[in-house]
Structure formats: C-alpha cells, structure tokens
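Below: the structure, in structure tokens.
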DNA sequence: TATGAATGAGAGTTCATTCAT
DNA sequence: TATGAATGAACTCTCATTCAT
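Protein chains in written order, with the working numbering: chain A, 10 to 216; chain B, 10 to 216; chain C, 10 to 216; chain D, 10 to 216.
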C-alpha cells in the first residue's frame with residue numbers, strides 16, 4: 010500500500026479480524042462485475058474466508074454494498090469540506106482546492122469512487138438515503154462556491170446554476186477512465202481539473 | 010409518440026412482429042434494474058409475450074443488450090456526424106452543433122442514453138467491440154474539433170487533449186439527472202451545454 | 010389404487026402433467042418429515058421431476074402445503090356435509106353418519122388427514138384462513154347436531170358445548186395410529202367411533 | 010409463578026446456571042415454530058445466552074428436545090400414577106382421578122404438553138424410545154383401569170380395547186386449544202373430562 | 001411464430017455445529 | 001462456563017436457456 014492510499018484509509022482495520030478483507034473483496038468484486046453480477050461466494054473467495062462467515066460481518070449483500078458506499082462518500086465529503094475550510098478566502102481559490110481534493114480522492118480510491126457512482130442505484134431505503142445525503146452535501150459545497158463567485162461577478166458564466174454539477178461530473182468521471190500508469194500524474198490531474206473548473210465558470214482574469 | 014422521439018426512431022417497426030416491443034421492454038428493464046438485475050422473464054412480461062419467444066428474436070440476453078446499445082450508439086453517432094457535416098466552417102460553430110446534437114439525442118432517448126453508458130460494461134467480445142467502436146467514433150468527432158480549434162488558436166485551453174472527453178462526459182451525464190418535467194427545456198439544455206463546451210475550451214471572444 | 014381411495018380422489022389428474030405427482034410427493038414428504046423437515050429437493054425427487062420445475066406448478070413451498078391442506082379439508086367437509094344431508098331425521102342418526110363419514114375420510118386419506126392436523130400451524134395469512142375456515146365448518150356440523158340432540162333431550166350430557174369437539178378430536182386422531190393392516194377394518198372403525206360419539210353425548214336408550 | 014405451575018416444577022433449578030433458561034427457551038421456541046422451524050440461534054437469544062454456550066449444556070439440538078420431552082412425560086407419568094395410587098378402590102373413581110391428574114398436567118404445563126405430542130416425531134433412537142416408553146406407561150394406566158371396569162361389568166362399552174386410547178386423546182388434545190383466559194377453569198376442565206371418560210366407557214349408573 | 005414445461009446451475013441466506021480463547 | 005468467529009452443508013428460490021409441440 011503506498012502513501013497515497015494510506016493517507017486516509019478508506020477501509021482500515023477495525024476490531025473485527027475479517028472486516029477489512031471482506032470490504033476490500035466486495036469493492037473489487039462489485040467494481041469488476043457490478044453489484045448484481047458479483048456473487049457473495051466470489052466475495053468470500055476473494056476475502057479468503059467462507060461464504061457463511063460473510064454473514065457474521067454483514068447481514069446481507071445490500072448491507073455490504075451500503076457500508077462500502079457509506080465509507081467512500083463520507084471520506085469524499087470529509088476531504089472536500091476540509092479542503093475548503095483550509096482556504097478561507099476567495100471563490101476561485103476555494104473552487105480550485107475543492108476540485109483538487111475531489112480529484113485526489115478519485116485517484117487515491119479509484120475503485121471506490123467508481124463503485125460509488127455506478128452502484129448507488131442498487132441501494133434502497135435508509136441505506137440509500139444516507140449515501141445520497143452525503144453525496145448531496147459534497148455537491149452542495151461546489152454549489153455554494155460557484156454561487157458565491159457568480160454573485161460577486163468573479164464567475165461570469167450565464168448558467169451558474171448547473172455549472173457546479175458539471176464540475177462534479179467531470180471530476181467523478183475520472184474514475185471511469187483513469188489508469189495510474191498513464192500520462193497524467195495525480196497532481197497533473199488535480200491541476201488540470203481545477204483549471205477546467207475555473208474555465209467552466211468563466212473566471213474573469215482581471216478579477 | 011411526439012415528433013421528437015419519432016424524428017428518428019431508435020426502435021422502430023421491423024418486419025418481425027414482436028421485435029420492437031421486446032427491445033423496448035428490455036430497455037426499460039435494463040434501465041430500471043440494470044442488466045444483471047433484470048431477468049428475461051421480466052422482459053417477456055413487459056413485452057407482452059412469452060419467455061421462450063424472446064429466443065426467437067434474440068439468441069441470448071447478451072445479444073439483446075448488444076442490439077440495444079448498437080442502435081443507441083449508431084443513432085448518436087449518426088446524429089452527431091450529420092450535425093457537423095451540415096456546418097462546414099469554424100471549430101466554434103461545429104462544436105456548438107455537435108454538442109447540441111448530442112444533448113438532443115440524450116433528451117430524445119434518455120433511457121437509451123443512460124443504458125448505453127451504464128451497461129456497456131456487461132458486453133463482451135465482438136458485441137462490445139462494435140459498440141465501443143461507435144462510441145469512440147462519436148468521441149473522435151469532438152476530439153477533432155477541439156484539436157482543430159486549439160491548433161488555430163481559437164481555443165486557448167492549455168489542455169486540449171482531455172477537454173473533448175469532458176465535453177462528452179457532461180453531455181452524456183445529462184441522462185442521469187434530466188427530467189422532462191424540469192426547469193430546462195430540450196433547447197435550453199442544448200444551448201446551455203454548447204455554451205459550457207465553448208467555455209471549457211476557453212474560446213477567445215475576439216477570434 | 011383400490012376402490013376406497015379412488016372413491017373420491019383427493020389428488021386427481023388435472024390439466025397439468027406433473028401436478029398430481031408433485032402434490033402426492035409433497036404429501037408423503039411432509040407427512041414423513043414435517044413441513045420444515047422436508048425439503049423441496051426431496052419433494053422433487055419423489056415426484057420424479059427437477060427441483061426448479063416444482064416452481065412452475067406452485068409458487069412456493071408454503072403454497073404447496075396450502076394446496077394440499079385445502080384439498081384435504083375441502084374433501085372432508087364435502088363428505089361430512091353430504092353425509093348429514095342424506096340423513097334428514099334425528100340427531101342420533103345424523104351424528105352416526107357424520108362420524109362415519111369423517112372416519113372413512115381419515116382411513117381413505119390417512120396421510121392427508123395426518124398432515125392436515127399436524128401441519129396447519131405452518132400456514133399463514135390467507136392460506137391459513139381458508140383452511141381454518143373449512144375446518145371450522147366441518148366442526149360446526151358436529152356442533153349443530155349435538156346442540157340439537159341436547160336441546161331435544163336425546164343427548165343427556167351435561168356438557169354439550171365441548172362434546173362435539175371431543176368427537177372430532179377422536180375421529181381425527183385415528184390418523185395418528187391407524188394401520189390398514191391392523192385389527193380394525195374401515196367399517197369397524199367407523200362403526201366403533203359412531204358408537205363412541207353416541208356414548209359421549211350420553212344418548213338415552215329410550216329416546 | 011403461581012402455586013399450580015410450581016406445584017411440581019417441570020423445569021426447575023439445577024446446579025447449572027443456565028440450564029433452566031435454555032430449556033424454557035427451547036420449549037417456547039419449539040412450541041411456537043416446531044422443532045425444525047426453530048433454530049438454535051433463536052433458542053440462545055430467548056435464553057439470553059450465546060449460541061455456542063448452548064452446547065455446553067446439551068450436546069445437540071436433538072438432545073435438547075429429548076430432555077424436554079423426557080421431563081414432560083416423566084412428570085405426566087408421575088402425576089398420573091400417583092393419582093391412581095392414592096385412590097385404591099373402584100375403576101370409576103380411579104378413572105376419574107387419572108383423568109383429572111392428566112388434565113391438570115396439561116393445564117399446568119400446556120406448552121410442554123403440546124410440544125410433547127407434536128414434536129416426539131422428531132426424536133430418534135434411544136431418545137425416542139425412552140420418551141415413547143414413558144408415554145406408553147401412562148397410557149397403560151388408563152388401559153388397565155378400563156379393562157378392569159369392563160371385566161367387572163361396570164363399564165358397559167362393547168369396545169373397551171380402544172376406549173382408553175380415546176380418553177387419553179381427549180385429554181392431551183386440550184393442549185391444542187386451551188386458553189387460561191377462557192370460560193373453563195382448570196377444575197372445570199378436569200371435572201368435565203372425568204365425566205366424558207366415564208360416559209365414553211358407558212359406566213352403569215347402578216353399579 | 002409462439003407457448004408451457006422442463007432443466008442444471010447458481011443465487012442469497014440460514015443451519016447446526018465446532019474452534020480458539 | 002462463556003464467547004465470537006468460523007465452517008460446510010443445506011435451504012428456498014430464480015436464473016438463462018432449451019425442448020416439444
């Protein structure tokens with residue numbers, strides 16, 4: 010495990026011996042085959058335990074997915090909100106930092122980010138609500154920054170309402186194509202998307 | 010059926026009595042529950058035919074999905090390429106028209122667009138290749154326009170390489186949140202996203 | 010199949026090829042191992058078909074049990090009510106015929122009778138209600154006869170209220186111990202229990 | 010706990026701290042869901058202990074059931090035999106007392122009585138034999154009394170052989186319908202069934 | 001073309017039981 | 001004595017697919 014992914018562990022050790030292996034196994038399985046395409050048997054095999062033992066940790070497959078998404082979205086929200094807190098002043102700087110935090114999360118936890126966007130649909134009830142709530146709060150951070158910048162005249166976009174959504178869309182979509190062996194480093198990617206975000210809201214150079 | 014969705018029918022009548030109902034049923038089923046979450050029984054029920062009759066039309070569930078995605082991507086490619094053909098001159102105008110065509114496709118065939126992005130992963134082999142090829146050709150249209158605009162100095166973005174991908178990402182993501190009862194009309198949406206695209210590539214006003 | 014059990018077939022041929030074999034297999038399985046002790050695999054094996062094919066006939070194990078009990082109780086109610094209809098006059102004669110009809114049902118369909126009393130508890134909801142309703146209507150036939158006899162003074166028992174229940178209890182309990190190879194024939198048994206019933210309600214000889 | 014059920018405790022304190030709670034939990038679980046329908050987990054939960062701790066007290070689920078039934082049948086046999094011992098003379102008086110003792114047992118330990126009749130079938134081997142032996146000895150008490158009364162001419166029934174079985178059947182069936190909030194008290198019920206028993210064997214008033 | 005019956009594989013989940021502590 | 005973790009077998013039920021008609 011490199012310094013990146015351990016910087017803030019998404020799935021760290023808990024009191025229960027097999028919890029982390031199971032969650033990681035589920036992450037890979039759901040990521041590769043989708044929630045309905047992956048079987049609990051496969052998760053167990055990957056986790057190096059028995060099928061029935063899975064149920065000592067999570068009461069159902071749906072709960073397993075829920076826990077995964079809960080952790081991913083909580084971590085993303087945490088990183089993003091802490092990033093904008095650090096930078097107090099100016100919508101441009103804050104937007105830049107928020108985007109960088111988001112992108113770095115996606116790079117650090119690419120599979121979790123991918124699963125988080127593609128498998129939420131299979132959650133239901135309270136599990137779903139909880140995850141959606143965290144996701145909405147993350148989105149709201151971007152909404153507010155863009156609204157603030159638009160109000161102050163710094164962001165010239167005539168459509169500030171939907172720009173923030175597109176910024177988040179671009180960032181999370183990274184999880185669908187990024188390969189860490191590729192041309193772009195984590196920092197390049199963060200830098201680049203911060204730039205895209207400011208371009209999208211049409212930041213005025215002179216401001 | 011209104012003029013929009015029938016303008017170019019994604020799933021039109023063919024010589025085979027139940028083909029269109031089956032494809033439409035599969036579209037809804039896969040859209041609502043995902044490829045692996047939907048069953049052939051459910052597709053049959055929605056299509057108003059028997060389970061076994063499905064196999065008179067499509068040799069397998071995978072072929073059914075493939076046909077669906079093939080039609081969606083072909084239509085999207087067709088619309089987009091025709092849009093840029095009509096407008097011969099200028100990267101800005103061509104980008105604008107390409108985006109509008111893409112967005113209009115997503116609005117006209119929202120469910121198909123959604124299924125096309127979320128369920129490709131369940132295709133394999135030649136079926137997958139064919140679909141990916143059509144998708145890449147659509148993407149290439151945007152790539153070329155942006156490259157051309159960047160080369161001519163019209164698009165000032167320092168990262169022209171990835172900007173086109175983000176444009177397509179923004180357009181296709183519309184399928185995940187759009188509701189035709191919402192605030193934005195089809196034309197608004199097209200207009201808005203054309204604007205976003207030009208902002209993203211940092212079009213120079215003076216050019 | 011001898012003339013007795015075919016006199017009125019509990020599980021006869023229907024339009025569906027495997028329905029009767031499945032029901033009979035379930036009857037034996039549930040009878041031998043109890044509802045929860047018997048598995049659907051076992052039922053399938055006994056019926057000479059595949060496990061999954063069971064579900065083409067009955068939507069669940071519970072429905073299978075329900076159908077079994079529904080048929081048994083309906084047939085019992087039918088036999089008993091027809092027996093008392095034939096004999097219009099006199100509580101003594103009517104009680105005698107009702108008991109004989111009941112006993113003959115138990116002998117003719119011993120296993121079904123046994124399952125009907127021992128496995129109703131595993132039914133729930135409407136399935137259960139329906140079966141209980143039929144059972145109550147059968148009991149009511151005896152209740153009415155005893156009440157009538159008590160009212161007329163023919164039956165001297167000071168506890169007419171509960172006597173009818175005990176009569177039915179004695180008859181149905183036959184299913185728990187009877188062996189058709191035993192000392193008592195079907196007719197002996199019917200005769201004997203009719204006698205017991207009249208003794209229990211303390212029929213006055215002179216009446 | 011009232012004087013009735015503690016008069017002779019079916020499941021009393023032993024040297025082992027959790028034995029009584031486990032037995033009581035099993036009694037309720039088996040009573041409500043049947044032997045195969047109840048799980049060891051459920052028994053543990055009801056007993057307020059852990060699943061694995063159950064096996065410190067009973068080597069298997071079957072042994073747990075066996076112990077339950079052994080206690081119930083022993084207590085029933087004990088009560089019944091002591092009842093007839095107290096009353097030395099006369100088949101009528103002895104039958105009356107035997108029935109009353111049986112009925113009182115059923116009322117005092119209704120759930121145990123119910124489980125004893127409905128779940129014996131799931132016992133096997135020596136466990137089963139032991140329980141059946143106790144049950145047969147209880148039945149034999151009634152058999153002997155009826156035989157004696159028939160021999161002396163006091164009981165006029167032409168079918169003395171099976172009458173005793175029906176008497177026991179009626180008594181034990183009480184466990185299937187009795188509610189202690191109902192119309193009949195424990196003493197009423199005992200009295201009533203003693204009366205039914207004497208009627209069933211056709212006791213001659215003059216004798 | 002259309003159907004209902006049939007099938008083997010596999011799904012998620014629970015079971016009684018054992019093990020390590 | 002007591003526990004939580006672990007296991008392999010078995011459960012009910014559903015799956016995509018095929019067959020006979």
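Here a beta-carbon is modelled for each residue, glycine too, at the ideal position from N, C-alpha and C.
Treat the numbers as computed from the prediction; the structure is a model and nothing was measured.
Taking 8 Å as the upper bound on Cβ-Cβ separation, chain C lies near residues 166, 167, 168, 171, 172, 174, 175, 178, 179, 182, 186 of the stretch 154-186 of chain D. If you draw a 10 Å sphere on the C-beta of residue 40 (chain D), you find 16 or more other C-beta atoms in it, and that means buried. For residue 89 (chain B), the secondary structure class from DSSP, reduced to helix, strand or coil, is helix. Runs of the alpha helix (DSSP H) lying entirely within the stretch 41-90 of chain D and spanning at least 4 residues, in chain order: 49-56, 60-66. About 17 Å separates the beta carbon of residue 198 (chain B) from that of residue 175 (chain B), a gap too long to meet the 8 Å contact definition.
If you look at residue 175 (chain B), you'll find it in the alpha helix (DSSP H) that goes 169-186. Under DSSP, the beta-bridge partners assigned to residue 164 (chain A) are A:212. With its beta carbon less than 7 Å from one in chain C, residue 208 (chain D) belongs to the interface. For residue 111 (chain A), the enclosing alpha helix (DSSP H) starts and ends at 100-117. Below the 7 Å Cβ cutoff, chain D contributes no neighbours of residue 136 (chain C), its closest Cβ being approximately 16 Å away. When secondary structure is reduced to three states using DSSP, residue 133 (chain D) falls in the coil class, being assigned neither helix nor strand.
Taking 7 Å as the CB threshold, residue 40 (chain D) stays off the interface with chain C. Approximately 10 Å separates the beta-carbon atoms of residue 34 (chain B) and residue 20 (chain B); this is outside 8 Å, ruling out the contact.
Shown here, residue 190 (chain D) sits in coil according to DSSP, grouped into three states, outside any helix or strand.
With respect to the 7 Å criterion, residue 85 (chain C) and residue 147 (chain C) are classified as neighbours on the basis of their beta carbons. Of the residues assessed, residue 98 (chain A) falls on the exposed side of the cut-off, its CB having fewer than 16 other CB atoms within 10 angstroms.
Judged by DSSP in its simplified three-state form, residue 18 (chain C) adopts coil rather than helix or strand. Judged by beta-carbon spacing, residue 126 (chain C) lies within the 7 Å limit of residue 181 (chain C), meaning their Cβ atoms are closer than that value. At a cut-off of 7 Å between beta-carbon atoms, residue 97 (chain D) makes no contact with chain C. Around the beta carbon of residue 65 (chain D), a 10 Å sphere encloses fewer than 16 other beta carbons of the protein chains shown; the residue is thus reported as exposed.
The contact set of residue 201 (chain C) on chain D, defined by CB atoms closer than 8 Å, consists of 168, 171 in chain order. When Cβ-Cβ separations below 7 Å define contact, residue 33 (chain D) makes no contact with chain C. Nearest to residue 38 (chain B) by C-alpha distance, out of B:27, B:26, B:158, B:52, is B:52. DSSP, read as helix, strand or coil, puts residue 94 (chain A) in helix. Around the beta-carbon of residue 68 (chain A), fewer than 16 other beta-carbon atoms lie within 10 Å, marking it exposed. Annotated as proximal: residue 132 (chain D) and residue 75 (chain D), with beta-carbon spacing under 7 Å. Interface flag for residue 43 (chain B) against chain A is set, since a Cβ pair is found closer than 7 Å.
With contacts defined as CB atoms closer than 7 Å, residue 89 (chain D) and residue 164 (chain D) fail to qualify as a contacting pair.
Nearest C-alpha to residue 187 (chain C) among C:207, C:45, C:122: C:122. Taking the beta carbon of residue 111 (chain B) as reference, no residue of chain A falls within 7 Å; the closest one sits roughly 14 Å away.
Neighbours of residue 76 (chain D) across chain C, judged by C-beta separation under 7 Å, do not exist; the nearest C-beta is about 20 Å away. For a cut-off of 8 Å, the C-beta gap from residue 31 (chain C) to residue 112 (chain C) is around 28 Å, too long to register as a contact. Annotated three-state conformation of residue 128 (chain D) is coil, per DSSP. Taking CB atoms only, residue 22 (chain D) has no neighbour in chain C less than 7 Å away.
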